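Peer 1: For the sequence shown, position 83 (counting from the first letter as 1) is numbered 103 according to our numbering, and the numbering increases by one without interruption.
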Amino acid sequence: MKRYVKYKDSGIPWIGEVPEGWKICPFFAIFTPISITGKSVEELLSVYLDVGVVRFSEKREKRANATSADMSKYQYVDIGDFVLNNQQAWRGSVGISQYKGIVSPAYLVMKTSKQINSSFANYLVRSPACVYAYFLSSRGVGSIQRNIYWDELKRYKMVFPPLDEQREIVEYLDSVVAKIDGYIAEKEAEIEKLGLLKQSVIAHAVTKGINPNAKMKDSGIPWIGEVPEHWLQLRGKNIFTRMARVVEADDEVITCFRDGQVTLRKNRRTDGFTESFKEIGYQGIRPGDLVIHQMDAFAGAIGVSDSKGKGTPVYICLQPKGEQSNFYYAYLLREMARTGYIKSLYRGIRERSSDFRYETFGKLLLPIPPADEQRAIVEFIDRKVKEIDGFISAVREQIEKLKLYKQRLISDVVTGKIKVCKDTLAEEVI
Numbered sequence: 021m022k023r024y025v026k027y028k029d030s031g032i033p034w035i036g037e038v039p040e041g042w043k044i045c046p047f048f049a050i051f052t053p054i055s056i057t058g059k060s061v062e063e064l065l066s067v068y069l070d071v072g073v074v075r076f077s078e079k080r081e082k083r084a085n086a087t088s089a090d091m092s093k094y095q096y097v098d099i100g101d102f103v104l105n106n107q108q109a110w111r112g113s114v115g116i117s118q119y120k121g122i123v124s125p126a127y128l129v130m131k132t133s134k135q136i137n138s139s140f141a142n143y144l145v146r147s148p149a150c151v152y153a154y155f156l157s158s159r160g161v162g163s164i165q166r167n168i169y170w171d172e173l174k175r176y177k178m179v180f181p182p183l184d185e186q187r188e189i190v191e192y193l194d195s196v197v198a199k200i201d202g203y204i205a206e207k208e209a210e211i212e213k214l215g216l217l218k219q220s221v222i223a224h225a226v227t228k229g230i231n232p233n234a235k236m237k238d239s240g241i242p243w244i245g246e247v248p249e250h251w252l253q254l255r256g257k258n259i260f261t262r263m264a265r266v267v268e269a270d271d272e273v274i275t276c277f278r279d280g281q282v283t284l285r286k287n288r289r290t291d292g293f294t295e296s297f298k299e300i301g302y303q304g305i306r307p308g309d310l311v312i313h314q315m316d317a318f319a320g321a322i323g324v325s326d327s328k329g330k331g332t333p334v335y336i337c338l339q340p341k342g343e344q345s346n347f348y349y350a351y352l353l354r355e356m357a358r359t360g361y362i363k364s365l366y367r368g369i370r371e372r373s374s375d376f377r378y379e380t381f382g383k384l385l386l387p388i389p390p391a392d393e394q395r396a397i398v399e400f401i402d403r404k405v406k407e408i409d410g411f412i413s414a415v416r417e418q419i420e421k422l423k424l425y426k427q428r429l430i431s432d433v434v435t436g437k438i439k440v441c442k443d444t445l446a447e448e449v450i
C-alpha cells in the first residue's frame, strides 16, 4: 500500500505521525453539543456497536424497557449529527446519523462542522483512534458501562485530511468495506448451513437410528412419525424415576442452560441471576442426572448434569429405570423442543416460557431403542457434532479475521497511515 510523501508528529500518542497536509484539532472544533427536545413524533433511533446509528424499528432485538412512555425529553437528531451512547461510547457505540429522528436523553448529540464530510466522519469517529479518546474521557459505573464526559473529550485531538481527500477516502472505503462485508455475509450463511446440518444429523439419528437399512414402522408419536421397527415405545414415567435428593452441605447451585449444558453456575457466569437466600425446595443433583427445566424446556434447557450440586424445584431430575442412556434422551428431548412440540403442550405462564410439568412428561410416549443402540447413537452424534462444530469454529475464526482486517484498514486509512485515491482499487487490499 502507498504512503504519503511527508509526515508530521500529530502530538497524539496513540496515533503518532500523520500526513503533513492534514489538520489536527480538538473535538470541540469539529463537534458542538446540542439538545433539541419536544419532537416526540419523530422516528426513534438508536446506536449499536459495530453498526452506528440505526432506526430502532429495524433492530430485531428490542429490549422491553428500551423506550419511555414520555418521549418529550428525547433529543432530536438531524442527518449528519454525531450521536454517542453515553455509557457505551468507549466500546464504539457511536456514529454519524443518516436519519432524522430522536434518541434517549442518555445519549449525546452534536452538530458536525462543515470542515468534515459526514461519511468520512462516520468512519473516523468509530475508528480505534477516536474510540480510545472516548475511553480516556469516561468513568466506570460498572463492568460494562462507563459515563463519557464531554468536558474531557472535547480537549482530545483528532486528525483529518482536506475535504476533497475525505471524499476520495469515503469512495474507496465504501467500496472495500462492501466487499469485506459481502465475504463476511457469505461466511455467516455458511455457519447457518452447518448449524442446520447439525440439527438434521441429530434429528435423524435420535428418531430414525443410524442403520440406513432398518425397517420402519409408525411410532404413534405425533412429532416423530416412523421409527425403526424393532424400537419399543413407553411413557416417560415408565422409563425414568424422578429423583428427590436431599441437599448436602457442600452442594453449590447448578443451572440448566438453554444450550443443553447442565453445570455449576459458577462454571458459566453468575451475573443476570437472582440469588435465592432461603432456597426453599432445592434438590440435590448428581453427575449423570437427566435434568429438565420445566419453564425453559421448550427452548432446549434439557441436558445431563456434569456436576454435583443443587437445583431449584423447577428442575425435573431423572434417572433411568433400566439401562437407558440419559445422553440419548437428552438429545431426543432437545429435538422434541426444537420441533416446537413441548411448546405446543402448554401455554406459557410468562413470556418466552412453557410450563412443562413432570405430569405432562410422564404421559408422553417416547421411543426406546435397545440400550446398546442408544449408546451407539450417542457416540455417532457426539462425533458428528464435534466434526461440524470444528468447521463452524474455523469459519468463525475467518469471520473474526475479516472483521479485524476491516477495522485495521479503516483505521490506517482515516489516520493517514496508508494513502488511497480515486484510482485505488478495492482488490488491491483484499
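Glycine included, each C-beta is placed from N, C-alpha and C at the ideal position. Every value quoted in this text rests on a predicted model; they were computed, and no experiment measured them.
1. Kindly give me the distance between the Cβ atoms of Tyr119 and Ile99, rounded to whole angstroms, as I take these residues to be in contact under 8 Å.
2. Measuring CB atoms only, is the stretch 386-400 touching the stretch 177-190, in the sense that at least three cross pairs come out at less than 8 Å?
3. Could you spell out the range, first to last residue, of the alpha helix (DSSP H) harbouring Met315?
4. Assign Arg2 to buried or exposed, taking buried as 16 or more other Cβ atoms, counted over all protein chains shown, within 10 Å of its Cβ.
5. Should Gly292 go down as buried or exposed, given a rule of 16 or more other Cβ atoms within 10 Å for buried?
6. Do you know whose CA, among Met356, Val103, Thr435 and Val129, lies nearest Ser30's CA?
7. Considering only their Cβ atoms, is the gap separating Val267 from Gly304 smaller than 8 Å?
8. Which residue wins for smallest C-alpha separation from Thr52, given the options Tyr68, Trp170, Lys22 and Glu37?
9. Once you ignore the five residues that flank Met263 on each side, which residues in its own chain have a CB closer than 7 Å to its CB?
10. Could you say which of Ala321, Tyr348 and Gly410 lies nearest to Asp375 if we only look at CA atoms?
11. Helix, strand or coil: how does DSSP classify Arg262 here?
12. Please confirm whether Ser92 and Thr57 have their CB atoms less than 8 Å apart.
13. Output the boundary residues of the beta strand (DSSP E) element that contains Arg428.
14. By how many angstroms is the C-alpha of Ser117 removed from the C-alpha of Tyr154?
15. Thinking just about the alpha-carbon of each residue, which of Ser413, Tyr335, Thr227 and Gly245 is nearest to the one in Tyr349?
16. Would you list the residues sitting across from Asp29 in a DSSP beta bridge?
17. Could you spell out the range, first to last residue, of the beta strand (DSSP E) harbouring Tyr68?
18. Looking at the secondary structure, which residues open and close the alpha helix (DSSP H) in which Asp238 lies?
19. For Ile419 versus Lys207, is the C-beta distance shorter than 8 Å?
Peer 2: For this structure:
1. Yes, Tyr119 and Ile99 are in contact; Cβ-Cβ is about 7 Å, under 8 Å.
2. Contact check between the stretch 386-400 and the stretch 177-190: fewer than three CB pairs, one atom from each, fall below 8 Å, which does not count as touching.
3. Met315 -> no alpha helix (DSSP H), and no H or E assigned at all.
4. Coverage of the chain is limited to positions 21 through 450, which leaves residue 2 absent and any answer about it impossible.
5. Summary for Gly292: the model assigns pLDDT 49, below 50, so the residue's position carries little reliability; its value from the coordinates is reported in the next sentence. Exposed: under 16 other Cβ atoms inside 10 Å.
6. Thr435
7. Inclusion of Gly304 and Val267 in the CB contact set at 8 Å is warranted, their separation being smaller than that value.
8. Trp170
9. Asp309, Cys337, Leu338 and Gln339
10. Ala321
11. strand
12. yes
13. That residue, Arg428, is in no beta strand (DSSP E); its alpha helix (DSSP H) goes Ala391 to Val434.
14. Rounded to the nearest angstrom, the two C-alpha atoms are 18 Å apart.
15. Thr227
16. Glu37
17. Counting along the chain, the beta strand (DSSP E) containing Tyr68 begins and ends at Leu65 to Tyr68.
18. Run containing Asp238: none in the alpha helix (DSSP H); it sits in the beta strand (DSSP E), Met236 to Asp238.
19. Cβ atoms of Ile419 and Lys207: closer than 8 Å.
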